[in-house]
Amino acid sequence: FTLSPATADIVDGLDDILTLELYESREPAVPIALATRDIGDFLEDFSAGSDGKVKLVRRFPEDDEDELRKAQIAGVPPRQFNVRSQGELQIKASYLGLSMTYVDQRETIPFINSFDGFEYRMASLINRMVEDQKKSVVFLTGHGQAGPSGGYQTFAALLTDAYEVREMNASEDPAIDLSGVDVLVIGGPTQAIPDETANSVVEYITNGGKALLMIDSIAVDQSRLVAGENRYSFRDLPERFGVIVENDLVFDLQANETLSFQTQVGSVFLPYPYWVRAPVIDKKVAGNVESAVLPWASSLGISESQRELVEVIPILETSEFSAIDFTYRDLRPNSQTFEEITPDNLVQSLVAVAVAEKASGGETYRIVVVGDSGWLTDALVSRSQENVALALNLVDWLAQEDRLASVRSKVVSSRDLLYSSPTHENAARWLNIAGVPLIFILFGAVRSIRRRRFGFTLYGQAAGGRAARRRAESEQEDEE
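Note that the numbering used here gives residue 44 to position 43 of the sequence shown, counting from 1, and the numbers run on in steps of one.
As structure tokens, then:
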């Protein structure tokens, strides 16, 4: 395995021993058997080429109670898999997690699904441990946005474990100073933002800033379930950098949440298509999160004028059973909008996307745009904890060093056999099926014939020698 230059640079800068503890199973479940082998080989090469700066310890919790206890302390649980064997469905538990310790810091990857993107995740965590001081995450508030003091308390509290978190209220002083801010978070403005503040944000991002922008282009009255356009959504900010937040609402007829609604007969639970459960697309940025719940989200588009200037990384996309509501006049769970949908109206929509500037040299900006701000509110994350896990991973990606972008783009590609035509493919298939055995048969036949001929030659030579000796003996007797 070849190490990315950025990862090698991080290892070269280590001042102490980095200890890697790989928790694995000796007989892993089939779905992770290949990943277990590749990750083990990669870490062996990683340790061997570190000049003694990286120590690898391979642990097998299933075989030893002491190592099982260490896995529990490190936060590496087993993952259960359904395995079919001899016509029976069995449940097999397997370990594949990594714990990294540097000085007095520890980072853990509880479970590794795939080798693809593993080096990026590992390098990002090592880089975080090596840094001398915490990076800053600043919530811009003062215009109806959610922040640490209201709306995003849970999210902000979890961020404090790895970052310096503070709130910047721009309503008190529009001339905000964003110098020294590592990640800027804007969570759903609903009031007008002064030009002075907006210009400061644009300048910050243009000069290589990193920002998480959550935009509510549609304002929803949750008590009456009606909606209207949010004129102060600040949707023109992401549009400057190539991401268009549309004035619409997406809904999904199958991948959605079931909510409690009050009716004349009491409280009932009904599926609510406007609360979309969107699957994660890019796990190198999103981490080990499968999906997230977005209430009343708007679809996102990419500006053609900016497409060549930025790298677009889809984060969340609705399922194939989703559609777009352009009128949002009725948001009830039994809305007639759902009855009017035909298969031709179904369309998948981006609801979260990451954008990275392609410019080479100097600081480049990175932003994550989400077409909803309610997905990280305290009420939402209490029922959908994967939301806050995804948000933490997105902040990690934004806060990473620019040099780690090359590690993120490194992929493991399969070397598929390519054929120029079906005839070529069939010839290759039959050559492997019949050709290889035929070659061995021909080789054996030739060897057998040669051995027989050689045997006959030796027999003839031996018989001739015996006859000559008998003639010589007979002639000698006659002379006597």
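Each residue gets a CB set at the ideal place from its N, CA and C atoms; glycine is no exception. Only a predicted model underlies this, so the values are computations on that prediction, with no experimental measurement involved.
In summary, Gly152 is buried, with 16 or more beta-carbon neighbours lying within 10 Å of its beta-carbon over all protein chains present.
In this structure, Val290 places its C-beta atom within 8 Å of the C-beta atom of Ala390.
Within the model, the alpha-carbon separation for Asn114 versus Glu66 is close to 25 Å.
Under the 10 Å beta carbon count, Asn346 is surrounded by fewer than 16 other beta carbons and is classified as exposed. Rounded to whole angstroms, Thr8 and Ser26 show a C-alpha spacing of 27 Å.
Val244 is not a Cβ neighbour of Leu213, given a cutoff of 8 Å. By a beta-carbon distance limit of 8 Å, Glu45 contacts Leu57. Their separation comes to about 7 Å. Nearest to Leu19 by C-alpha distance, out of Lys54, Leu4 and Asp39, is Lys54.
The continuous beta strand (DSSP E) containing Thr259 extends over residues Asn257 to Thr264. Separation of Ser137 and His144 (C-alpha to C-alpha, rounded to the nearest whole angstrom) is 21 Å. In the DSSP assignment, Ala353 falls outside any alpha helix (DSSP H) and within the unbroken beta strand (DSSP E) covering Leu351 to Glu358. Approximately 32 Å separates the beta-carbon atoms of Met123 and Leu141; this is outside 8 Å, ruling out the contact. Taking the Cα positions, Arg80 is about 29 Å away from Ala49. Every alpha helix (DSSP H) stretch that sits fully inside the region 55-127 and reaches 4 residues is listed by chain position as 66-75. One alpha carbon belongs to Ala392, the other to Thr378, and they sit about 11 Å apart. Using a Cβ distance threshold of 8 Å, Gly98 and Gln146 do not count as a contacting pair.
Taking a C-beta distance under 8 Å as the contact criterion, Val203 and Leu238 qualify as a contact pair.
Bounds of the alpha helix (DSSP H) holding Ser383 are Asp379 to Arg384. For Lys211, the uninterrupted beta strand (DSSP E) run begins and ends at Lys211 to Met215, by DSSP.
By the neighbour-count criterion, in which 16 or more other beta carbons inside 10 Å mark a residue as buried, Gln386 falls on the exposed side.
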